[in-house]
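Novice:
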Amino acid sequence: MELKGFDKDVQSRSWRVAAKTTAVYSRVDTPLGEITLERGPSATRTPEALANGWEDWVLTLGEGPELRVRDVGAEEYIVRKRLEAGVEGEFNGKRFSVRTRSSFRRSARIVAFDGLGITFTARRLTLYAYEGNTCTAKGSAGRWTTTTRSAAGILSMCLFEWARMAHFLRTPFFRML
3 MELKGFDKDV QSRSWRVAAK TTAVYSRVDT PLGEITLERG PSATRTPEAL ANGWEDWVLT
63 LGEGPELRVR DVGAEEYIVR KRLEAGVEGE FNGKRFSVRT RSSFRRSARI VAFDGLGITF
123 TARRLTLYAY EGNTCTAKGS AGRWTTTTRS AAGILSMCLF EWARMAHFLR TPFFRML
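Going by my numbering, the letters in the sequence shown line up with residues 3 to 179, in that order.
1. If you reduce the DSSP assignment to three classes, tell me which class residue 139 lands in.
2. Within 10 angstroms of the Cβ of residue 32, are there 16 or more other Cβ atoms? Answer buried if so, exposed if not.
3. Can the beta-carbon of residue 157 be found closer than 7 Å to that of residue 142?
4. Are the beta-carbon atoms of residue 43 and residue 153 separated by less than 7 Å?
5. Name the residue from 148, 86 and 174 whose alpha carbon lies nearest to the alpha carbon of residue 133.
6. Taking just the CA atoms, how far does residue 47 sit from residue 41?
7. Leaving out the 5 sequence neighbours to the left and right, which residues in its chain are closer than 8 Å to residue 81 when beta-carbon positions are compared?
Printed below as a string of structure tokens:
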């Protein structure tokens, strides 16, 4: 099965500005149903959260499973900083955390959804998604070919794309130029 079309329902300018109210920002059709991304202001009301425009993201698969991530940012730079620090979320009441690591060594780069058992890695120019020790998807540039039928796997791929987590799987050398 193929996943593609991670287009945003809002203009690019609106995507980069912190959400003032909860609204649907993007949708994607999958073989399991339509996935929607709702972004809204974060429940965390610290000065840092308010100044950086932290948001809570909710990915919903049809009327069924939900993946909630707390304290993510709107602007790409803030999303990266929050993911580097680690963010927490819930999938159908089960808690998980998103952990990222970037390195000059290709084998050390990883995006992991601890608690769900899902990891993303890169080999050469291709991205891979694993559930446990099984490779369930390959992709690049917003196109994924997957064999998974699990809602957690599909929702985590969508979050990976919308939060632009592939940034952590690229060599840091190019980011320093």
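Just so you know, even glycine gets a beta-carbon here, dropped at the ideal spot from N, CA and C.
Specialist: The relevant details are as follows:
1. strand
2. buried
3. no
4. no
5. 148
6. 16 Å
7. 74, 75, 165 and 166
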